[in-house]
Amino acid sequence: MKKIVVINGPNLNMLGIREPGVYGDVSLAAIGQQLESLAPQLGFEVEMFQSNHEGAIIDRIHQAYSDADGLLINPGALTHYSYSLRDAISSVNLPTVEVHLSNIHKREEFRHTSVTAPVAIGQIAGFGAYGYELGLLALHKHFGSQGG
Ligand code: DQA
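Going by the working numbering, the first residue of the sequence shown is number 1, and it counts up by one from there.
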């Protein structure tokens, strides 16, 4: 069974309360429950992690080098400017899928750039909470194509 750490950055603890017109009304806890029910069907175990602190997120990514097989990450606004987060993802060299609830490409200009997407397998954006499930499916497909 492969372990996927689902990492959520700043303000994602506020899902369900925060700008529901943009991010939907599903809480992060509910997203975690959806992923926990999907994961076993894909041969995955998932661990949910959320922090509002860049360093704590980087520490969790470093830890994943020795305790996980892949990452599903919604870096929140860190997506758009955190070179440290990008370097952390590169450092551990784990298969990583980036996910965003909103379609960042049709929002404000500053959200169009992702400094983390270039070190991910790919990016999923605009499908709300369902994007996390798509992200797990994408990792499953990736491991299948690796023969794992
Ligand atoms: C987000 C998009 C980011 O621009 C924003 O800062 C977030 C959430 C998303 O899931 O749509 O915090 O990553």
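Glycine included, each C-beta is placed from N, C-alpha and C at the ideal position. Computed from a predicted structure; not experimentally measured.
Within 10 Å of its beta-carbon, does residue i have 16 or more other beta-carbons around it, so buried, or fewer, so exposed?
i: Ser114; result: buried
i: Tyr83; result: exposed
i: Leu12; result: buried
i: Ile73; result: buried
i: Gly76; result: buried
At which residues does the alpha helix (DSSP H) containing residue i begin and terminate?
i: Gln34; result: Leu28 to Leu38
i: Ile89; result: Tyr83 to Val92
i: Val22; result: Pro20 to Tyr23
Write down the C-beta distance between residue i and residue j rounded to the nearest angstrom, noting that I regard them as a contact closer than 8 angstroms.
i: Leu94; j: Ala56; result: Not really, about 18 angstroms apart at Cβ, beyond 8 angstroms.
i: Leu71; j: Ile7; result: 6 angstroms
i: Ile58; j: Ala39; result: With 8 angstroms as the limit, Ile58 and Ala39 do not qualify as a contact, their Cβ atoms being about 24 angstroms apart.
i: Phe127; j: His80; result: Contact doesn't hold; Cβ gap of about 19 angstroms is too wide.
i: Gly24; j: Leu101; result: 6 angstroms
Using CA atoms only, rank isn't needed, just tell me which of the options is closest to residue i.
i: Ser66; options: Thr79, Leu134 and Ile4; result: Ile4
i: Phe143; options: Thr96, Lys106 and Ala29; result: Thr96
i: Tyr130; options: Pro10, Gly21, Gly9 and Ala30; result: Ala30
i: Ser51; options: Ile61, Ala68 and Tyr132; result: Ile61
i: Leu137; options: Ser90, Phe44 and Arg18; result: Phe44
i: Leu85; options: His53, His105 and His112; result: His53
Once DSSP output is grouped into helix, strand and coil, what is the label at residue i?
i: Phe127; result: coil
i: Glu109; result: helix
i: Leu15; result: coil
i: Ile121; result: coil
i: Gly9; result: coil
i: Val115; result: coil
Would you kindly report the start and end of the unbroken beta strand (DSSP E) that includes residue i?
i: Gly55; result: Not the beta strand (DSSP E): Gly55 falls in the alpha helix (DSSP H), residues Glu54 to Asp67.
i: Gln146; result: Where Gln146 is concerned, there is no enclosing beta strand (DSSP E), given that its DSSP letter is neither H nor E.
i: Thr79; result: Where Thr79 is concerned, there is no enclosing beta strand (DSSP E), given that its DSSP letter is neither H nor E.
i: Asn74; result: Gly70 to Asn74
i: Met1; result: It is not in any beta strand (DSSP E) - Met1 carries neither H nor E in the DSSP assignment.
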